[in-house]
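Written out below as structure tokens is the structure these notes cover.
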Amino acid sequence: MCRPFDHVLRRGAALCLLLSLATQAGAYAPAATAMRIKFAPQASASAAPESALAQLREFAVLGDTDASGELATRLLDRFERTGDRRHLHEAMQWIARDWEHERVVRADLADRVLSRHCARPALQRHWLCTGGD
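Using the numbering used here, you'd call the opening residue of the sequence shown number 33 and step up by one each time.
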């Protein structure tokens with residue numbers, strides 16, 4: 033059985049590991065501007081490889097809202113190509129998770145969900161599709 037805050041401890045340990053590796057490599061300078069992560073451009077014709085989604089998930093779990101936005105976009109793309117509802121479900125979780133933090137970034141994703149997916153039975157009662165009721 034997990035302790036209530038095990039996930040917080042794991043995230044903190046992962047962040048400490050990343051910071052220590054970056055410090056040893058000379059890539060981390062606290063006084064410098066924030067380090068921005070650039071993601072590989074998505075190929076429109078083929079599905080994003082699972083490893084790319086895994087990498088985005090890792091960064092998103094650590095609180096990178098750019099990564100979670102990109103992950104939600106790629107998951108919606110996958111859902112639209114394959115029809116696999118798991119991708120839609122996960123995309124909606126990432127959108128909801130960071131909704132208050134990145135309202136501007138989420139606007140495009142929200143418009144996309146509202147215009148293309150709210151008519152689906154799985155989302156008809158979702159707070160985003162009902163206007164927050």
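In this text, a Cβ means the ideal position worked out from N, Cα and C, and glycines have one as well. Source: prediction; values computed, not measured.
Note to self: DSSP three-state label for residue 97, please.
What the structure shows: For the purposes of this step, residue 97 is taken as the residue at position 65 of the sequence shown. Of the three classes helix, strand and coil, the one that applies to residue 97 here is helix, per DSSP.
Notebook entry, point to check: Considering only residues of the segment 110-161, which uninterrupted beta strand (DSSP E) runs meet the minimum length of 3 residues and lie entirely inside it, listed in chain order?
Noted result: none
Checklist line | Pairwise C-alpha distance: residue 91 and residue 100 | finding: Within the sequence shown, numbered from 1, the residue matching residue 100 stands at position 68. Within the sequence shown, numbered from 1, the residue matching residue 91 stands at position 59. Going by the C-alpha atoms only, they are around 8 angstroms apart.
Next item on the list: Give the straight-line distance between the Cα atoms of residue 127 and residue 82, rounded to the nearest whole angstrom.
Entry: Numbered from its first residue, the sequence shown carries residue 127 at position 95. Numbered from its first residue, the sequence shown carries residue 82 at position 50. When rounded, the distance between both Cα atoms is 20 angstroms.
Check: Which residues in the same chain have their Cβ closer than 8 angstroms to the Cβ of residue 150, if we skip the five residues on either side of it in sequence?
Finding: Walking along the sequence shown from the start, residue 150 turns up at place 118. Hits under 8 angstroms: 156, 158, 160 and 161.
Next item on the list: Would you please verify whether the beta carbon of residue 110 is less than 7 angstroms from any beta carbon of chain C?
Entry: The chain labelled as chain C is not found in the depicted structure, where only one protein chain is given.
Check: When you compare only the Cα positions, how much space is there between residue 125 and residue 119?
Finding: Working through the sequence shown from its first residue, we reach residue 125 at position 93. Working through the sequence shown from its first residue, we reach residue 119 at position 87. Rounded to whole angstroms, residue 125 to residue 119 spans 10 angstroms at the Cα level.
Margin query: Quick test of your reading: residue 123 and residue 104, contact by CB under 8 angstroms. State the CB separation rounded to the nearest angstrom.
Written below: By 1-based counting over the sequence shown, the position of residue 123 is 91. By 1-based counting over the sequence shown, the position of residue 104 is 72. The pair is a contact, with the Cβ atoms about 5 angstroms apart (cut-off 8 angstroms).
Item checked: Straight-line Cα distance separating residue 94 from residue 121 -> On the sequence shown, residue 121 is found 89 positions in, with the first residue counted as 1. On the sequence shown, residue 94 is found 62 positions in, with the first residue counted as 1. Between residue 121 and residue 94, the C-alpha separation is close to 20 angstroms.
Next item on the list: Let me know if residue 102 comes out buried or exposed under the rule of 16 or more other beta-carbons within 10 Å of its beta-carbon.
Entry: By 1-based counting over the sequence shown, the position of residue 102 is 70. Residue 102 comes out buried.
Check: Considering only the beta carbon of each residue, do residue 97 and residue 140 sit closer than 7 angstroms?
Finding: Counting from one through the sequence shown, the residue named residue 97 turns up at place 65. Counting from one through the sequence shown, the residue named residue 140 turns up at place 108. Against a cut-off of 7 angstroms, the Cβ pair of residue 140 and residue 97 comes out as no contact.
Next item on the list: Out of 116, 86 and 133, state which residue places its alpha-carbon closest to the alpha-carbon of residue 154.
Entry: Within the sequence shown, the letter at position 122 stands for residue 154. Here the closest residue by C-alpha is 116.
Notebook entry, point to check: For residue 110, is the classification buried or exposed, using 16 other Cβ atoms within 10 angstroms of its Cβ as the cut-off for buried?
Noted result: On the sequence shown, residue 110 is found 78 positions in, with the first residue counted as 1. Buried, by the Cβ-count rule.
Notebook entry, point to check: To the nearest angstrom, how far is it from the Cα of residue 108 to the Cα of residue 114?
Noted result: Within the sequence shown, the letter at position 76 stands for residue 108. Within the sequence shown, the letter at position 82 stands for residue 114. One C-alpha to the other measures close to 10 angstroms.
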